[in-house]
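Enquirer:
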Amino acid sequence: MDQFTYDERGATDRPFPERFDGGWPSGYTVMVESHELPADDPSAPFVALTEGILAWELHRRAGLTMQPDAERAAPGVRVVSGLGVGPARIKAPCRVIWAREPQLDGAGRATPGQRGGFGYGTLPGHPVTGEEGFYAELTADNRLVFICSAYSVPSSPLFRLAAPVTRLTQRYVLSRYVKAAQELAGLT
Numbered sequence: 021m022d023q024f025t026y027d028e029r030g031a032t033d034r035p036f037p038e039r040f041d042g043g044w045p046s047g048y049t050v051m052v053e054s055h056e057l058p059a060d061d062p063s064a065p066f067v068a069l070t071e072g073i074l075a076w077e078l079h080r081r082a083g084l085t086m087q088p089d090a091e092r093a094a095p096g097v098r099v100v101s102g103l104g105v106g107p108a109r110i111k112a113p114c115r116v117i118w119a120r121e122p123q124l125d126g127a128g129r130a131t132p133g134q135r136g137g138f139g140y141g142t143l144p145g146h147p148v149t150g151e152e153g154f155y156a157e158l159t160a161d162n163r164l165v166f167i168c169s170a171y172s173v174p175s176s177p178l179f180r181l182a183a184p185v186t187r188l189t190q191r192y193v194l195s196r197y198v199k200a201a202q203e204l205a206g207l208t
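All residue numbers for the sequence shown refer to this note's numbering, where the first residue is 21 and numbers rise by one.
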């Protein structure tokens, strides 16, 4: 089993109502993006978004290739994502650290005050070292929010030189994640 490329694991595991404005390992660049997805009744969109995140569809719809060891994200599952085309494709191996399924009440509706999704950490060969989390949140006051968090540093001197491009690429992919989250929730 591939070893993680960093020691500070698990900081993306933030069950509701844990906040995202602190508690990150020092020495990393931290990114947290939160986007409310307006819905009249957010229960079904929350479940659909969580299921899409766990089934790798968020990533696929954002334009990444995904080669997972399993159909759903679960602790221990290895996945290699890819961005680019042909020989210019950058491969990014990761292993899932935590995953959270949607919690439903007796009527099959999502209970407010929860987050679903998963977080994964980098393995050898990834261009950065660190962790990323993907969350569907159903707030206590019944709003749907998509959140992405990451803490990372370049994995090698070459990638340190390319850090500005890497950050731009991360921002671009994040914008694609937001669009994919809206689609998965059925809100486009």
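For every residue, glycine included, the Cβ atom is placed at its ideal position computed from N, Cα and C.
If you're wondering where the values come from, they're calculated on a predicted model, not measured in any experiment.
1. Three-state secondary structure (DSSP) at Thr85?
2. Is it buried or exposed, Ser169, if we count other Cβ atoms within 10 angstroms and call 16 or more buried?
3. Since His146 and Ala112 are thought to touch, with beta carbons under 8 Å apart, how far apart are those beta carbons, to the nearest angstrom?
4. If you drop the 5 nearest sequence neighbours on each side, which residues of the same chain put their C-beta closer than 8 Å to that of Glu121?
5. Taking the alpha carbon of Met21 as the reference point, which residue from Gly43, Pro144, Ala59 and Ala94 has its own alpha carbon closest?
6. As a quick exercise: from Leu204, Trp76, Val97 and Tyr171, pick the residue whose alpha carbon is nearest that of Gly47.
7. When the Cα of Gly30 is compared with those of Glu157, Gly150 and Gly206, which residue comes out closest?
8. Between Val193 and Ser175, how many whole angstroms is the CB-CB distance? I'm expecting something under 8 Å.
Expert: Once the coordinates are examined:
1. Against the sequence shown, residue 85 aligns to sequence position 65. Residue state, collapsed to three classes: strand.
2. As a working note, residue 169 is residue 149 in the sequence shown. Result: buried.
3. Working through the sequence shown from its first residue, we reach residue 146 at position 126. Working through the sequence shown from its first residue, we reach residue 112 at position 92. Going by Cβ atoms, the distance from His146 to Ala112 rounds to 5 Å, so yes, they are a contact pair.
4. Translated into the one-based positions of the sequence shown, residue 121 becomes position 101. Contacts found: Thr70, Leu74 and Gly136.
5. Start at 1 with the first residue of the sequence shown, and residue 21 comes out as number 1. When each option's Cα is compared against that of Met21, the closest is Pro144.
6. Residue mapping note: residue 47 aligns to position 27 of the sequence shown, counting from 1. The shortest C-alpha separation from Gly47 is found at Tyr171.
7. The residue labelled residue 30 in the question sits at position 10 within the sequence shown. Minimum Cα distance to Gly30 is reached at Gly150.
8. Indexing the sequence shown from 1 puts residue 193 at position 173. Indexing the sequence shown from 1 puts residue 175 at position 155. Beta-carbon to beta-carbon, Val193 and Ser175 are separated by about 17 Å, too far to satisfy the 8 Å threshold.
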